[in-house]
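Before any comments, here is the structure.
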Amino acid sequence: MSLRSASQVTEFARCPRSFALKRHEGAPQLPAPWAGHGSAGHHALLDVWEANGRTHTASEVQEAFVSKFREYIAEYDQREPDRSLWLRGGRKSTDRDIADREALGIEQVANYMQYVTTEGLEPWEIDGRPAVELPFKINIGEGLFGEPIIVRGFIDALYRDVNWVPLVRDLKFGKRPAWDFQLWMYGIAVREEYDIDVEYGDFFLCKENAPTNPVELLKMPDEEVLDLVIKMDAADMIGYYNPNPGEACRTCDVQRSCKFFA
Ligand code: SF4
1 MSLRSASQVT
11 EFARCPRSFA
21 LKRHEGAPQL
31 PAPWAGHGSA
41 GHHALLDVWE
51 ANGRTHTASE
61 VQEAFVSKFR
71 EYIAEYDQRE
81 PDRSLWLRGG
91 RKSTDRDIAD
101 REALGIEQVA
111 NYMQYVTTEG
121 LEPWEIDGRP
131 AVELPFKINI
141 GEGLFGEPII
151 VRGFIDALYR
161 DVNWVPLVRD
171 LKFGKRPAWD
181 FQLWMYGIAV
191 REEYDIDVEY
201 GDFFLCKENA
211 PTNPVELLKM
221 PDEEVLDLVI
231 KMDAADMIGY
241 YNPNPGEACR
251 TCDVQRSCKF
261 FA
């Protein structure tokens with residue numbers, strides 16, 4: 001059995017060499033405050049606020065963000081005590097980047113709470129629970145050597161608007177992804193696993209406190225989306241790990257283990 005995820009496919013598309021270094025060769029990964037920023041933001045907004053029926057106040061959600069963000073930073077200090085080696089945004093020091101991201105995250109979580117409330121978006125309910133961090137596991141067919149390929153993951157949120165139109169949403173604390181693969185895959189997962197006909201998805205860009213335009217999920221045929229997973233699986237099976245030096249190297253967390261770093 002081959003276990004895949006949307007993030008594996010996007011990671012492989014970005015640089016197959018980095019995929020192999022991380023997932024097969026155990027290369028040490030450099031800490032980056034932006035990773036803690038995104039994960040703590042997801043924790044505060046989804047695990048704390050949405051999953052608990054929006055019963056927490058903005059200050060409680062902000063506190064949850066700060067506490068989780070600091071946990072990540074402490075973990076990164078253990079992993080790499082020399083902060084000058086960490087990846088960070090722009091030309092600032094790591095300490096400055098950490099302080100800036102903490103302040104920004106505090107603002108962003110409160111902004112998001114206000115935005116979705118004003119827009120009238122509510123999590124869909126599945127089995128009496130808000131559909132956030134929604135798990136899925138679907139069998140998409142056979143790989144190169146006849147093994148079943150299973151795609152699994154967690155969908156940030158399945159919302160409904162005031163007209164009960166469902167929407168798959170993925171929260172982004174960094175840049176807009178280069179392509180919509182994640183949303184296409186999540187659309188298939190919701191339809192297959194939960195039998196809900198979702199036709200739209202978006203990325204919510206916390207930096208802009210706004211969603212992207214809705215992506216029409218059915219415009220991309222399911223077969224083409226799944227074929228991307230099957231081809232990525234085949235490339236991994238035969239060990240195709242060519243490097244993709246260039247833009248991706250700057251934020252690559254295994255750059256110190258890569259001969260092709262550019
Ligand atoms: S440093 Fe560049 S080429 Fe090397 S693994 Fe990272 S992204 Fe790929």
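Numbering (the UniProt record's numbering), first residue to last: 1 to 262.
Even glycine gets a Cβ: it sits at the ideal position worked out from N, Cα and C.
The DSSP-derived three-state label of Ala35 is helix. In this structure, Pro31 has its CB at a distance of at least 6 Å from all heavy atoms of ligand 1. Between Ser2 and Gly143, the beta carbon gap of about 5 Å places them in contact (Cβ cut-off 8 Å). Closer than 6 Å to some heavy atom of ligand 1: that describes the Cβ of Gln255.
At least one heavy atom of ligand 1 sits closer than 6 Å to the Cβ of Ala248. Using a 10 angstroms sphere on the CB of Glu147, the tally of other CB atoms stays under 16, which defines it as exposed.
Cβ neighbours of Asn139 within its own chain (closer than 6 Å, five residues either side excluded): Pro148 and Ile150. Fully contained in the stretch 122-154 are the following beta strand (DSSP E) runs of length 3 or more, in chain order: 132-142. Cys15 places its beta carbon 7 Å or farther from that of Asn209. The residue from Asn242, Gly174 and Pro31 with its alpha-carbon nearest to that of Gly38 is Gly174. The alpha carbon of Leu167 has as its nearest neighbour, out of Ala262, Ala6, Ala235 and Arg191, the alpha carbon of Arg191. For Pro16, no beta strand (DSSP E) encloses it; the enclosing alpha helix (DSSP H) starts and ends at Pro16 to Arg23. Per DSSP, the continuous alpha helix (DSSP H) segment holding Leu226 begins and ends at Asp222 to Met237. Annotated three-state conformation of Gly187 is helix, per DSSP. For Leu104, the enclosing alpha helix (DSSP H) begins and ends at Thr94 to Glu119. DSSP, read as helix, strand or coil, puts Lys172 in strand.
For Arg17, the shortest separation between its Cβ and any heavy atom of ligand 1 lies below 6 Å. With a contact defined as Cβ atoms closer than 8 Å, Tyr241 and Ala51 miss out at about 37 Å. Judged by DSSP in its simplified three-state form, Tyr241 adopts coil rather than helix or strand. Under the DSSP assignment, Phe203 falls in the beta strand (DSSP E) whose first and last residues are Tyr200 to Leu205. A distance of 7 Å or more separates the beta carbons of Asp156 and Phe203. By the C-beta density criterion, Lys172 is buried, having at least 16 other C-beta atoms within 10 angstroms.
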